[in-house]
Amino acid sequence: MMPADSLDDGSPVVKEDRLWCDNGWTARVIKNQDDDGWAVEMLKDGESEPALVGPWTMGRDKKNPKPLDAGAFQTLVKTASEVLRRHEQHLYALLHKNITVSTEDGPVEVRLEIVPDDYEPHAILSAHDTLDAMLAEVRVSAAFKLDRRSAAAWVESGFLPPE
Numbered sequence: 136m137m138p139a140d141s142l143d144d145g146s147p148v149v150k151e152d153r154l155w156c157d158n159g160w161t162a163r164v165i166k167n168q169d170d171d172g173w174a175v176e177m178l179k180d181g182e183s184e185p186a187l188v189g190p191w192t193m194g195r196d197k198k199n200p201k202p203l204d205a206g207a208f209q210t211l212v213k214t215a216s217e218v219l220r221r222h223e224q225h226l227y228a229l230l231h232k233n234i235t236v237s238t239e240d241g242p243v244e245v246r247l248e249i250v251p252d253d254y255e256p257h258a259i260l261s262a263h264d265t266l267d268a269m270l271a272e273v274r275v276s277a278a279f280k281l282d283r284r285s286a287a288a289w290v291e292s293g294f295l296p297p298e
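As structure tokens, this is what we get:
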């Protein structure tokens, strides 16, 4: 049986006025750099940068921060998780694009998947029919611009590698 001050994975559970560590997250109340107030930062375990930094409420003495509590911590975890989820969705949208082109044989979905490699960034351009069967695939520059015109031109060329 694990001690009450650690989780099943062995990570410590800390519940102090200015520091909570639980469920893979750390909430830390810090001095606000921009003014005389306080801020709270949410850091996901294993990450070097906070997922969320926001203002924190002053305590009753109007000098010290309000202590963290279970309700505030859960709200902060939920908000920080949502920020990370939106960031992941935005990154996915930047790296994956698709456009459907009408042809005599039916619609063709043209997809561009950017591979952000530090040494050799590139993209994979592919075409798929309505049953998601791949019709063609070519490697292109990571800077390739997929739009309706370029997708249609690639399909009309018989899937020759774009220039």
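Residue numbers (the working numbering): 136 to 298. C-beta atoms are modelled at their ideal positions from N, C-alpha and C, and glycine is treated no differently.
Coil, strand or helix - residue i by DSSP
i: Thr265; result: coil
i: Thr192; result: coil
i: Ala286; result: helix
i: Glu255; result: coil
i: Glu291; result: helix
i: Pro297; result: coil
i: Ala162; result: strand
i: Ala271; result: strand
i: Glu239; result: coil
Identity of the residue in the options nearest residue i by Cα
i: Glu272; options: Arg195, Arg246, Thr265, Arg284; result: Arg246
i: Pro185; options: Trp160, Val250, Trp155, Glu291; result: Trp160
i: Ala162; options: Asp180, Asp170, Met193; result: Asp180
Delimiting residues of the beta strand (DSSP E) encompassing residue i
i: Lys213; result: Lys213 -> not in any beta strand (DSSP E); alpha helix (DSSP H) instead, spanning 205–230.
i: Glu176; result: 173–179
Straight-line gap, residue i to residue j (C-alpha atoms, nearest Å)
i: Glu291; j: Ala228; result: 26 Å
i: Trp191; j: Ala286; result: 49 Å
i: Pro138; j: Val218; result: Note that Pro138 scores 38 on pLDDT, short of 50, meaning its location in the model is unreliable; the coordinates nonetheless yield the value given after this. Their backbone Cα atoms lie some 32 Å apart in a straight line.
i: Phe294; j: His263; result: 11 Å
i: Ala278; j: Glu223; result: 21 Å
i: Val243; j: Thr235; result: 6 Å
i: Ile249; j: Asn233; result: 12 Å
Those residues which DSSP pairs with residue i across a bridge
i: Leu281; result: According to DSSP, which records beta bridges pairwise, Leu281 is partnered with nothing at all.
i: Glu248; result: His231, Ile259
i: Arg153; result: Arg153 is not bridged to any residue.
Beta carbon proximity, residue i to chain C, threshold 8 Å
i: Leu178; result: Reference to chain C is not applicable here, since this structure consists of a single protein chain.
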